[in-house]
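See structure below.
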Amino acid sequence: MQDNAEMGRNVKITKIAAAQREEDRRQGRQNVLREDRLQGRQNASQEENGRQGRQDEQREQDKRQDEQHEPQGRQDEGEGEEESGEIRISVRGLVEFILRHGDIDNRYHAVPDNAMQEGGRIHRMIQRRMGAEYQAEVPLKIVLPGEGYRLIVEGRADGIICHEDQVTIDEIKGTYRDLARIKAPMPLHIAQAKCYAYIYGCQQERKMVKVRLTYCNIPSEELRYFYEEYTIQELAKWFGDLTAAYRKWADYTWKWHGIRQASINDLEFPFPYREGQKDLVTNVYKTIYHKKKLVLEAPTGVGKTISTIYPAVQAMGR
2 MQDNAEMGRN
12 VKITKIAAAQ
22 REEDRRQGRQ
32 NVLREDRLQG
42 RQNASQEENG
52 RQGRQDEQRE
62 QDKRQDEQHE
72 PQGRQDEGEG
82 EEESGEIRIS
92 VRGLVEFILR
102 HGDIDNRYHA
112 VPDNAMQEGG
122 RIHRMIQRRM
132 GAEYQAEVPL
142 KIVLPGEGYR
152 LIVEGRADGI
162 ICHEDQVTID
172 EIKGTYRDLA
182 RIKAPMPLHI
192 AQAKCYAYIY
202 GCQQERKMVK
212 VRLTYCNIPS
222 EELRYFYEEY
232 TIQELAKWFG
242 DLTAAYRKWA
252 DYTWKWHGIR
262 QASINDLEFP
272 FPYREGQKDL
282 VTNVYKTIYH
292 KKKLVLEAPT
302 GVGKTISTIY
312 PAVQAMGR
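Numbering (the working numbering), first residue to last: 2 to 319.
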């Protein structure tokens, strides 16, 4: 009887000790969680302070820039304008503008709606099939100085093949036409390749540059190649004539740009500012100048239309 009582007390003590250990473990876990939460709040506070500091710094920088570029009704002549501007045009845009041509055969040749996507697929397929000597999608650019502005011609060559001492510019074109009917490369296609050949040849100081036109029938994936080879002198004369023909249009564009900017500089807000309207004008101008986004809501009669059109015009060419 006494042994049973003693055994019962021991079991009770064991249960109490186990419960105490479990409570200690639970308390320890809670302490760890509290410390983690406290550390997390401290980290979040530090991160928030850092973010706030960066925002304050950015706002201060934007403020300094805004003070320099505040929209005004009138500016001194030449103020805010660079001494030398630039006109950019793509290689494709250049050749299509100058070498544009037509045909008395105006019959419509229907192509699928996904022709552009299929053309991209054909480009990638051909580029992947080429070896290590093939460089795909090579960006090229040339800057031509002029009177008051620089003419920048730029584009992306489909491929450049460097084999030993020979360089070939590859121009890829997807088509739904029967390749057997293509007897020679299209003039605009060869012109694009020649532009890339001249730019690359000048940059790499090449005496000769080879051009390859790769035509691919999109449904069958059949390929046909046309090759041409030019000296850098031939390409220089051809490219010089091409850009000279474009210069008169570029000159006109640049002169018109100057006339436009002069008229903008003389433009004043056409009405007395209503309450809050000047802040709206300033914020719209800052948004456009910094290439950000602005969402605003204002009641009828505030003058939202003129308050967005005027700063948009003022921001042109800045």
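We put the CB at the ideal spot given by N, CA and C, even for glycine.
Beta-bridge partners of residue i, as assigned by DSSP
i, result
"N218", "T176"
"Y231", "V210"
"Q167", "H164"
"Y226", "T215"
Where residue i sits in the DSSP three-state scheme
i, result
"V296", "coil"
"R65", "The predicted position of R65 is uncertain, since its pLDDT is 47 and thus under 50; a value taken from the coordinates is nonetheless stated next. Correct three-state label for R65: helix."
"Y274", "coil"
"I307", "helix"
"L268", "coil"
"E82", "Note that E82 has pLDDT 36, beneath the 50 cutoff, so the model's placement of it is unreliable and no number is given."
"T301", "coil"
"I88", "strand"
"P72", "Residue placement at P72 is poorly supported in this model, since its pLDDT is 48, which falls under 50; the coordinates are not used for a value here."
"D104", "coil"
"P113", "coil"
"K184", "coil"
"A313", "helix"
"Y258", "Residue identity check: residue 258 is His in the sequence provided, not Tyr. Residue state, collapsed to three classes: helix."
Boundaries of the alpha helix (DSSP H) in which residue i is found, first to last residue
i, result
"V96", "92-99"
"I143", "Taken as a continuous stretch (DSSP letters only), I143 belongs to no alpha helix (DSSP H), being part of the beta strand (DSSP E) at 135-146."
"H124", "116-130"
"G202", "188-205"
beta-carbon residue i near the ligand NAP non-hydrogen atom, thresh 6 Å
i, result
"R261", "The ligand NAP is not part of this structure, which contains no ligands at all."
Sub-7 Å separation of residue i and residue j beta-carbons
i, j, result
"Y197", "L141", "yes"
"R89", "I153", "yes"
"A138", "R157", "Here residue 138 is Glu; the residue named in the question, Ala, does not match the sequence. A contact, by the Cβ cut-off of 7 Å."
"L189", "V92", "no"
"T176", "Y216", "yes"
"Y199", "L236", "yes"
"E222", "A194", "no"
"I219", "I123", "yes"
"Y135", "G94", "no"
Alpha-carbon to alpha-carbon, residue j and residue i
i, j, result
"E298", "A316", "22 Å"
"A133", "D179", "30 Å"
"V303", "L281", "10 Å"
"V210", "D166", "10 Å"
"E84", "G149", "Unreliable positioning characterises E84 in this predicted model, as indicated by a pLDDT of 43, which lies under 50. The coordinate reading is nonetheless provided below. Between E84 and G149, the C-alpha separation is close to 7 Å."
"P72", "V296", "With a pLDDT of 48 at P72, under the threshold of 50, the predicted position of this residue should be treated as unreliable, though the coordinate-derived value follows. The alpha-carbon atoms of P72 and V296 are separated by roughly 20 Å."
"H102", "A192", "13 Å"
"I265", "V314", "7 Å"
"D252", "L100", "19 Å"
"P300", "H258", "36 Å"
"L213", "I170", "Before going further, note that residue 213 is Arg rather than Leu in the sequence given. Straight-line Cα distance between these residues: approximately 6 Å."
"I307", "V285", "11 Å"
"K174", "F272", "56 Å"
"D67", "W250", "Low per-residue confidence applies at D67: pLDDT is 45, beneath 50, and the placement is therefore not dependable enough to give any value."
"P146", "Q234", "20 Å"
"T283", "F98", "39 Å"
"K238", "E230", "15 Å"
"F240", "R275", "56 Å"
"A181", "Y226", "11 Å"
"I310", "K287", "13 Å"
"N115", "G121", "10 Å"
"K294", "P312", "14 Å"
"I127", "C203", "27 Å"
"T244", "E87", "15 Å"
"T232", "I143", "18 Å"
"V168", "M131", "15 Å"
"R248", "E155", "16 Å"
Delimiting residues of the beta strand (DSSP E) encompassing residue i
i, result
"I153", "150-164"
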